[in-house]
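Residues in the sequence shown are numbered from 997 upward in steps of one, following this note's numbering. Here is the structure we will look at.
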Amino acid sequence: MIVQRDNFLRRILVPVDDSTSSLMAQENAAVIAKKTGASVTVFHVIQQFRSAAFYPQAVQTEIQSGAERRAEVLLARAKSFFIEEKVAVNVATMMGDPALSILELAGQDYDLIIMGACGEHETNLCNLGSVTRKVLRHARKPLLIVKKAGGLSNFLVCTDGSEHSIEALVFSVKLARKLDARITLINVQEGLLQAASAKTAEQMANLVLTATLSAIGENKLAISKLAAFGTPSHVIVDIAEKDKYDLVVLGSRGLGTAERFLLGSVSEDVSHNVKSSVLIIPPRQ
997 MIVQRDNFLR RILVPVDDST SSLMAQENAA VIAKKTGASV TVFHVIQQFR SAAFYPQAVQ
1057 TEIQSGAERR AEVLLARAKS FFIEEKVAVN VATMMGDPAL SILELAGQDY DLIIMGACGE
1117 HETNLCNLGS VTRKVLRHAR KPLLIVKKAG GLSNFLVCTD GSEHSIEALV FSVKLARKLD
1177 ARITLINVQE GLLQAASAKT AEQMANLVLT ATLSAIGENK LAISKLAAFG TPSHVIVDIA
1237 EKDKYDLVVL GSRGLGTAER FLLGSVSEDV SHNVKSSVLI IPPRQ
């Protein structure tokens, strides 16, 4: 049985840019921080422009100064927002590759990364931008990718019975308590099994659901169970949209992935294609 601790969120890292997606992430971060008592660090990465090396030094200096001024404006705006929301806030900047910088800072005792799905030059709020994709693949901390405005009140938590999906449910329960959210726990059995024996597929799904719930022990939160059948990533995306879940939660590795620190294929497919916000829980270090 996994032991649950209430002070699971102390520090939240919120990378910011000038996109609508980033603003939605900040709004979600403020809600979560207020409910959990966590502090927030707003973070902006000043990118190094490779082509600038071919410009005269004066032009390089001007480009650099402009990027630094822009970072100051973005961070001041974000800091002001969190102060207005009565959330403890710090600011940080770093120069370099955005995704690598986010991953590096997140390793410094942060409990959660909250970021938008796409950057300021990417217009589809549900598609993952290049920076978010890279962070998603390599994050060693829980990562909330915000795709929609509004609160998080209806969670779809995915399980395949693995330890990683159990950890995802544990985190979800803690967050749901703070946000007064509902949880539905889903297991999707492959369509081939259902085609061979619908009864066996349903029994297996219910077995996984029951075992996952038993593994987390008493939680004082009503959790609905849902057995489904088909290609897991497709089914999860369809159900999330049809039943209007605003958050889909997955572990970053399942039973079908190799034992290496990479995102599982179902988690990756869902993260890319679902219209809901996504919370990815990595293995504990």
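Quick reminder that beta carbons are idealized off the backbone N, C-alpha and C, glycines included. Predicted, not measured: the structure shown is a model, and the values here were computed from it.
Separation of residue j from residue i, as counted between CA atoms
{"i": "Val-1270", "j": "Ala-1177", "result": "19 Å"}
{"i": "Thr-1032", "j": "Lys-1195", "result": "42 Å"}
{"i": "Ser-1126", "j": "Pro-1011", "result": "14 Å"}
{"i": "Ile-1110", "j": "His-1268", "result": "16 Å"}
{"i": "Gly-1252", "j": "Lys-1130", "result": "At Gly-1252 the pLDDT is 41, less than 50, meaning the model places this residue with poor confidence; the figure from the coordinates comes in the next sentence. So the two alpha carbons sit approximately 21 Å from each other."}
{"i": "Tyr-1241", "j": "Gly-1146", "result": "12 Å"}
{"i": "Ser-944", "j": "Ala-1113", "result": "Since the first and last residues shown for the chain are 997 and 1281, residue 944 lies out of range."}
{"i": "Val-1083", "j": "Gly-1187", "result": "46 Å"}
{"i": "Arg-1073", "j": "Ala-1025", "result": "15 Å"}
{"i": "Leu-1070", "j": "Asp-1014", "result": "7 Å"}
{"i": "Ile-1212", "j": "Ala-1164", "result": "10 Å"}
{"i": "Arg-1173", "j": "Leu-1209", "result": "16 Å"}
{"i": "Leu-1132", "j": "Glu-1198", "result": "32 Å"}
heavy atom of the ligand NAP below 7 Å from residue i C-beta
{"i": "Leu-1070", "result": "This structure simply doesn't include the ligand NAP, nor any ligand for that matter."}
Burial state of residue i, where buried means 16 or more other Cβ atoms lie within 10 Å
{"i": "Ile-1028", "result": "buried"}
{"i": "Leu-1203", "result": "exposed"}
{"i": "Ile-1219", "result": "buried"}
{"i": "Ala-1034", "result": "buried"}
{"i": "Val-1262", "result": "buried"}
{"i": "Asp-1156", "result": "buried"}
{"i": "Thr-1016", "result": "exposed"}
{"i": "Met-1091", "result": "exposed"}
{"i": "Asn-1003", "result": "exposed"}
{"i": "Ser-1018", "result": "buried"}
{"i": "Ala-1067", "result": "buried"}
{"i": "Gly-1247", "result": "buried"}
{"i": "Ala-1095", "result": "buried"}
{"i": "Ser-1193", "result": "exposed"}
{"i": "Ala-1021", "result": "buried"}
{"i": "Lys-1143", "result": "buried"}
{"i": "Lys-1216", "result": "exposed"}
{"i": "Lys-1238", "result": "exposed"}
Residues that residue i bridges to, as DSSP identifies them
{"i": "Ile-1276", "result": "Leu-1139, Leu-1246"}
{"i": "Leu-1222", "result": "Ile-1182"}
{"i": "Phe-1039", "result": "Pro-1011, Ala-1088"}
Segment contact flag, the stretch 1156-1168 with the stretch 1271-1278, C-beta cutoff 8 Å, min 3 pairs: Of all C-beta pairs linking the stretch 1156-1168 to the stretch 1271-1278, three or more are shorter than 8 Å, placing the two stretches in contact.
Mind listing, in chain order, the continuous beta strand (DSSP E) runs of no fewer than 3 residues lying wholly within the stretch 1096-1181? Taking only runs of at least 3 residues, the beta strand (DSSP E) segments lying wholly in the stretch 1096-1181 are 1108-1112, 1139-1142, 1150-1154.
How about the stretch 1178-1188 and the stretch 1141-1160: do they share at least three Cβ pairs that are nearer than 8 Å? The stretch 1178-1188 is in contact with the stretch 1141-1160.
Determine, using beta-carbon pairs with one atom in the stretch 1096-1111 and one in the stretch 1072-1082, whether at least three such pairs fall under 8 Å. Three or more beta-carbon pairs separated by less than 8 Å are not found between the stretch 1096-1111 and the stretch 1072-1082, which leaves the two stretches without contact.
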